[in-house]
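Residue numbers (our numbering): 1 to 514. Think of the CB as a built atom: it goes at the ideal place given N, C-alpha and C, for glycine as much as any other residue.
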């Protein structure tokens, strides 16, 4: 049947039984000492503040009797202020897909779910900022810290893990380490002690939704990195391989990530993950050479906002990204080394590295359609040795001095180019005078067809049917005035008027069908 376990830092006492509000425990330590059973509810009183504490659970529930961690009472969310405690040891069981990445070490997590399935964590505020004397932000051996860590290892496939309405902020992790659980929310998969006995470790059923993750480093939300990375090295990823060794039924939606040191939201090694209605603002704030320069930093001065790594048929839709900081990446979107990534019905604005990157030779079967890019910087498209990308039905509103194809990765390092097909888009240069564009810069496999070009001196030589206009208002009602800031909720929904300026002037048609 399961138990209701009550914890209150305000009204509790660890001498109590914990089985009624008036008999609540005072500390999370009492919960950590219990053997959690299917159907248990761990209820934290609103208004409670658990200073220096943490919640580490090593068992979950069942499909019929899940475990739930939630709030009770009235007032502010119960807050776990871990302050660098909750230390445990993470070990992937071997080197990662890049040998410079750290694969084992001690870290601190406010909430840890270790081989726990059928579990929901809801309505908590979480911080993890130890304020260690003399610890530098860019210290290479700074401890990795997380708000919520999830590990799959010795239980085979973990099912149905839900993170719901969490406010995670001020998590001070290591700015360099990408794949130890490091940041706001991080879910990963380690090599089992006896894989033949327990089975391949993986996830089936991840739902991260309505969470706010703010001022965390390095990652905002990451889900799925696995010790099985060596199964994902082919150009095209067979469905059965990804479903066997990667994570399935992954949904990340209605989240807000803000002021993140590195990357914003990233599913990794997933089959058909759905990432929708998320908002990202001020990502990659630590990724610049003035800060990211400590000896032994393990490289990787790159970060983007919302993107997949080694996924099959990842779908990104109705997301918004604002003000990603310029770096070697710095884009809103990045189809990185996966198969069949789809971006549709998204909005990006003022991102320092541009709109979208198609990254490396294992990036294949990409589709980028029905998106709006407004005033993104440096270069709108960044094709980098990718096989292909079909780019159609988008509106690109490009500010003064910005190229359509990004020229440089960083400093004098030029992009190497890749394969792109640019068809039926509206490409608007919003500078004062018509621009002469390098449409195929370092990308001889860049093909154009039937696009509308506004305020350009030239069009791509290979476009057989270009439409040339002198003013954007010749075709759109009021381009360039869509939102430049966010309230944290996606406005990319049917009936929204925030993007009405991008409707076709002749008949009011909304290309995004909002």
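- A check of alpha carbon separations from residue 256 across 249, 248, 265 identifies 265 as the nearest.
- Between residue 309 and residue 268, the alpha-carbon positions lie close to 5 Å from each other.
- Annotation: the continuous beta strand (DSSP E) that includes residue 171 extends over 157 to 172.
- Where residue 243 is concerned, there is no enclosing beta strand (DSSP E), although the alpha helix (DSSP H) around it starts and stops at 239 to 245.
- Excluding its 5 nearest sequence neighbours in each direction, residue 313 has C-beta neighbours in its own chain below 6 Å: 272, 340, listed in chain order.
- Following the DSSP letters along the chain, one finds residue 96 in no alpha helix (DSSP H), marked with neither H nor E.
- According to the DSSP assignment, residue 124 belongs to the beta strand (DSSP E) that extends over 119 to 128.
- Of the candidates 223, 301, 306, 289, the residue whose Cα lies closest to the Cα of residue 281 is 306.
- Contact between residue 317 and residue 276 is confirmed by a C-beta separation of about 5 Å, below the 8 Å threshold.
- Under the DSSP definition of a beta bridge, residue 311 lacks any partner.
- With respect to residue 162, residue 207 sits close: the two C-beta atoms are nearer than 7 Å.
- For residue 407, the secondary structure class from DSSP, reduced to helix, strand or coil, is coil.
- DSSP places residue 112 inside the beta strand (DSSP E), whose first and last residues are 104 to 114.
- Less than 7 Å separates the beta-carbon of residue 152 from that of residue 201.
- In the structure shown, the three-state DSSP call for residue 15 is coil.
- Where residue 32 is concerned, the enclosing alpha helix (DSSP H) starts and stops at 28 to 32.
- Under DSSP, residue 386 takes part in no beta bridge, so it has no partner.
- Put simply, the backbone Cα of residue 319 is about 25 Å away from that of residue 419.
- DSSP places residue 212 inside the beta strand (DSSP E), whose first and last residues are 212 to 217.
- Inside the stretch 258 to 287, DSSP marks whole beta strand (DSSP E) runs of 3 or more residues at positions 265 to 267, 274 to 276, 279 to 283, from first to last along the chain.
- In the DSSP annotation of this structure, the continuous segment of the beta strand (DSSP E) that includes residue 81 starts and ends at 79 to 81.
- Here the alpha carbon of residue 446 sits roughly 8 Å from the alpha carbon of residue 439.
- Residue environment for residue 413: exposed (fewer than 16 other C-beta atoms within 10 angstroms of its C-beta).
- The DSSP-derived three-state label of residue 229 is helix.
- Going by DSSP, residue 421 is part of the beta strand (DSSP E) stretching over 420 to 423.
- For the stretch 433 to 461, the full-length beta strand (DSSP E) segments reaching 3 residues or more read 446 to 449, 452 to 454 along the chain.
- Straight across, the Cα-Cα distance linking residue 70 with residue 299 is about 39 Å.
- Taking C-beta atoms as the reference points, residue 154 and residue 115 count as a pair closer than 7 Å.
- In this structure, the CA atom of residue 90 is about 15 Å from the CA atom of residue 141.
- Counting only the Cα atoms, residue 178 lies some 7 Å from residue 101.
- Here residue 328 is buried. Its C-beta has 16 or more other C-beta atoms within 10 Å.
- Taking C-alpha positions only, residue 119 is separated from residue 164 by approximately 11 Å.
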